[in-house]
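Those sequence lines, one after another, are chains A and B. Take 127 as the starting number for the first sequence in the numbering used here and just add one per residue. Take 977 as the starting number for the second sequence in the numbering used here and just add one per residue. In this text, a Cβ means the ideal position worked out from N, Cα and C, and glycines have one as well.
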Amino acid sequence: MTGFSPTILAFCCNWCSYAGADLAGVSRLQMPPNVHVVRVMCSASVKPEYVLKAISQGVDGVLVLGCHIGDCHYMTGNHRTAKRMPIVQKVLEEVGIDERRLRLDWVSASEGEKFQKVVVDFVDEITKLGPNPMREVKF
Amino acid sequence: MPRIGVFICHCGNNIASTVGIEKLVEFTKALPGVVVVEHNLYSCSEEGLSSIRKSAEENKLDRIVVAACTPRTHAPLFRKICEMAGINKYLFEFVSIREHCSWIHIKDANAATEKAKKLVAMGVAKAALLEPQKEMESNVIPTAVVVGGGLTGLTAAASLVAQGIDTHLIEREGTLGGILKDIDVIGPEFKKTRELLDQLIKELKDSSKAHIHLDSRVISSSGFIGNFELTVECKGESVKIPAGAIILATGARELVPTGEYGCGSVPGVMTQLEFEKRLAKGEVPERAVFIQCVGSRQSGREYCSRVCCNTSLKNALRIVNAAPNASVSIIHRDIMSYGTVPEHIYREASEKGVRFLRYGLERPSKITRKRNGLVVQVFDETIDQEIDIDADVVVLATPMVSREDARDIGKLFKVPTDKYGFFLEAHVKLRPVEFSTDGVFICGSARFPSSVSECISQGLAAAAKASIPIRRGKVVVEAITSWADPDRCAACGSCVTSCPYEAIEIVDEEGRRYAKVNETLCKGCGTCVAACPNDAMQQRGFTTRQLGAMIDALVKNALGET
């Protein structure tokens, strides 16, 4: 699988992780170019269907990033994300997709370096996992 | 079919030196719905903005996409231009190709260009499905909160009170004044610090609008601009304070070296604040050496604290003014006496016999004890030679550092700090004293080490900014609220239980039961959207179709399939 460069989708909440991603940019923290950020208001608004849609269409990995527990701009939104995403991971496993293709993590507005680390780690992990097998599935 | 105009910003070289603008323009022209693609050196400049407006009118655009820096700082500006061009501001989409692309892939121009294409394709796909929205207004609680009762906080609070705004000043210590309490006089005209503080404290105490909370700290903060609620704890009791705007003026502290130059163990070696206290008591040394940049402008703490050179110049002058025959030396790496007045003080100190010696980071001075005092061994870079200076007092000019709890305060108010723990403004040049979180403002040394005059001007600036929503009495609420499609809603109630604001209820309208969102309570988090099992619940600006289209655009352009 030489030369495999994964395609990754990231959902970042407006208040913490999107701001953390901005801070990483402002700080010129370098990272691989595989991650494409979609801004949402809260990680709790990320529907499981978005993850399933992306993965079923061949996206190699999905990141869902929110505020740290206790820091949610909407008080308890991220509690729901924390409960919801592990269930989505189970669904992925059930249909034969490695659950590591979905990762949930917390990045605050002041954690540019954490954003960089999450991106570097996730790209590395997905690269090792190889292409999403759904890429080969033709409906 | 929508008529989308895409405007790509070079941001000078910030984007254009990494992302191939021409390739990006060519790619974007072929995207569905795009009728015009333009690029500007700076889209946010007067010229850039007017060209967007002109193009929107000439090409009869109904949607605008700007690919540039970040929506968190620049979306309001471009939305305003949309409105001026007669386009509803919710028909605007921002694509970040600077923070999320050119700045983080500096060494790989090809990859950055390819990624920018995908990001723009995703933004255009969303834009095609955007719908115009109408905004609502919400009332503003006519009260301000200032956290921190040092010079900056006092200045901000006094300014708000003078405008007739009810202001709560929260100070964690038992007395007001902050770090300036320990400083006797301020340069350059040696004004008594106490007079300055007392005047501000008197202004507050004389006003019925000021509410001073001593020995108090904020333990929680929730809400939004116009409608914050703080919980403040004072001696075990907690009170709730509703507020329309919040100013953080939590200050900084002096770095106390741990053992460097024998500070704390060798008598006569002390920090600047310790020396200030001695001078205030009239203890003027006959022989003094100031060492600058102790603990700053070095690995791990690279910044220049800016106030230390002027403080040493001030105190050196106080010594030679009181004792003209005193021996005073300032050992420095560079004297930063910026501005006309401090530069004048620098000259005056030289003329009055204060000696200036330059040292290098790699050859720091050494202090040894002698029977009748201290000896400072300095390697003077100018004469390339080591010399010994006798001293009674060695003053270590250490930098101001952030407070130990600055990051906790940042978390409390959901505002960012930099790697040194200083608060980060919304934009370093364009939005001073503002955070990107609306309604929360920053001023003084909590932002960065600041001189007395800077603290005052920032305190005034933050007060002026904070008073805007309070005086208007209303803030516009972004139209990102949710609604349920009655035709799809099965009235299951999942959204009702998921909403953190109890904004949703199941209503019965002519026999049809469905979820109805109270838009004055909805804060636009979208939690209900993910909770809805039937795709009935939608969030304005983030509909499932819009986000689905972004995923499709990524798949199409990255994997070549749909």
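Just the chain A side, please: which residues come within less than 7 Å of residue i by C-beta, in chain order?
i	result
B:Phe1518	Val166, Met167 and Ser171
B:Lys1094	His162
B:Ser1412	Ala145
B:His946	In the structure displayed, chain B extends from 977 to 1538; residue 946 of chain B sits before or after that span and is not available.
B:Asp1084	Pro159
B:Val1531	Gln183, Gly184 and Val185
B:Leu1523	Val164 and Tyr176
Give me the DSSP bridge partner(s) of residue i.
i	result
B:Val1161	B:Lys1168
B:Thr1143	B:Ala1120 and B:Ala1186
A:Asp231	A:Leu191
B:Phe1003	In the DSSP output, where bridge partners are listed per residue, B:Phe1003 has none listed.
B:Val1416	B:Ile1222
B:His1015	B:Ile984
B:Tyr1490	B:Val1483
A:Cys138	A:Arg165 and A:Leu191
Identify the contact partners of residue i in chain B, using a Cβ-Cβ distance below 7 Å as the criterion.
i	result
A:Arg261	Leu1535
A:Gly203	Pro1476, Cys1501 and Thr1503
A:Asp197	Lys1387 and Lys1390
CA-CA distance, residue i and residue j?
i	j	result
A:Leu230	B:Arg1055	32 Å
A:Met127	A:Thr253	With a pLDDT of 45 at A:Met127, under the threshold of 50, the predicted position of this residue should be treated as unreliable, though the coordinate-derived value follows. Those two C-alpha atoms are separated by around 9 Å.
A:Val168	B:Gly988	With the sequence shown as reference, residue 168 of chain A is identified as Cys, and Val is not the correct amino acid for it. Spanning the two alpha carbons is a distance of roughly 32 Å.
B:Leu1190	B:Ala1382	19 Å
B:Asn1167	A:Leu191	Contrary to the premise, residue 1167 of chain B reads as Lys rather than Asn in this sequence. Their Cα atoms are separated by approximately 52 Å.
A:Val263	A:Val221	13 Å
B:Leu1025	B:Cys1058	10 Å
B:Val1260	B:Ala1299	8 Å
B:Tyr1335	B:Met1312	14 Å
A:Gly256	A:Asp247	14 Å
B:Thr1538	B:Ala1525	Residue placement at B:Thr1538 cannot be trusted, given a pLDDT of 45 that sits under 50; the coordinates are not used to answer.
B:Gly1099	B:Arg1074	14 Å
A:Tyr144	B:Arg1488	39 Å
B:His1308	A:Cys139	46 Å
B:Val1391	B:Glu1485	43 Å
A:Val245	B:His1144	42 Å
B:Lys1244	B:Arg1254	It is Gly, not Lys, that sits at residue 1244 of chain B in the sequence shown. The straight-line gap from Cα to Cα measures roughly 11 Å.
B:Phe1068	B:His1076	19 Å
B:Ala1264	B:Ala1367	5 Å
B:Ala1221	B:Ala1440	11 Å
A:Leu189	B:Ala1438	37 Å
B:Lys1328	B:Val1296	7 Å
B:Ala1519	B:Pro1509	The sequence shown places Thr at residue 1519 of chain B, not Ala. Cα-Cα distance, rounded: 14 Å.
B:Gln1197	B:Val1304	This sequence places Ser at residue 1197 of chain B; Gln is not what is there. Roughly 49 Å separates the two Cα atoms.
B:Arg1516	A:Pro174	19 Å
Can you list the residues of chain B that residue i reaches, using a CB-CB cut of under 8 Å?
i	result
A:Ala208	By Cβ distance, chain B contributes nothing, its closest Cβ being about 13 Å from A:Ala208, past 8 Å.
Are the beta-carbon atoms belonging to residue i and residue j less than 7 Å from one another?
i	j	result
A:Thr207	B:Pro1476	no
B:Thr1374	B:Val1270	yes
B:Ser1272	B:Ser1281	yes
B:Ile1195	B:Val1122	no
B:Arg1048	B:Val1011	no
B:Leu1333	B:Val1354	yes
B:Ser958	B:Gly1238	With chain B represented from 977 up to 1538, any question about residue 958 of chain B goes unanswered, as that position is not in the structure.
B:Lys1083	B:Phe1003	no
B:Val1540	B:Ser1378	No answer is possible for residue 1540 of chain B: the residues shown for chain B start at 977 and end at 1538.
B:Asn1531	A:Gln183	Just to set this straight, residue 1531 of chain B is Val in the shown sequence, not Asn. Yes; because the gap between Cβ atoms is below 7 Å, this pair is in contact.
B:Leu1152	B:Gly1125	yes
B:Ile1146	B:Ser1192	yes
Please tell me whether, using a cut-off of 6 Å, the distance from the CB of residue i to the nearest non-hydrogen atom of the ligand NAD is below it.
i	result
B:Asp1160	Here there are no bound small molecules, and the ligand NAD is not part of this structure.
In chain B, what lies closer than 9 Å to residue i by C-beta?
i	result
A:Thr253	Chain B residues near A:Thr253: none, gap ~14 Å exceeds 9 Å.
Against residue i, what residues of chain A qualify as contacts under a CB-to-CB distance less than 8 Å, listed in chain order?
i	result
B:Gly988	Within 8 Å Cβ-Cβ: nothing; B:Gly988 doesn't reach chain A, min ~15 Å.
B:Thr1393	Ser236
B:Lys999	Those within 8 Å of B:Lys999 in chain A number zero; the least Cβ separation is about 15 Å.
B:Met1098	His162 and Val164
Taking residue i as the query, report the chain A residues whose CB atoms sit under 9 Å from its CB, ordered along the chain.
i	result
B:His1081	Gln156, Met157, Pro158 and Pro159
B:Gln1515	Val166, Met167 and Ser171
B:Ala1088	Pro159
Give, in chain order, every residue of the segment 176 to 193 of chain A whose Cβ lies closer than 7 Å to some Cβ of chain B. Tyr176, Lys179, Ala180, Gln183, Gly184 and Val185
Looking at chain A, which residues of the segment 1485 to 1505 of chain B have a Cβ within less than 9 Å of any of its Cβ atoms? Lys1499, Gly1500, Cys1501, Gly1502, Thr1503, Cys1504 and Val1505
Note down, in chain order, all residues in the segment 209 to 237 of chain A with a beta-carbon under 9 Å from any beta-carbon belonging to chain B. Arg210, Ser234, Ala235, Ser236 and Glu237
When you check each C-beta in the segment 1464 to 1485 of chain B against every C-beta of chain C, which residues fall closer than 9 Å? Structure shown: chain C not included; protein chains present are A and B.
Residues in the segment 1189 to 1219 of chain B with C-beta within 7 Å of chain A's C-beta atoms, listed in sequence order? Ser1198
Against chain A: residues of the segment 1041 to 1054 of chain B by CB proximity under 9 Å: Cys1045, Thr1046, Pro1047, Arg1048 and Thr1049
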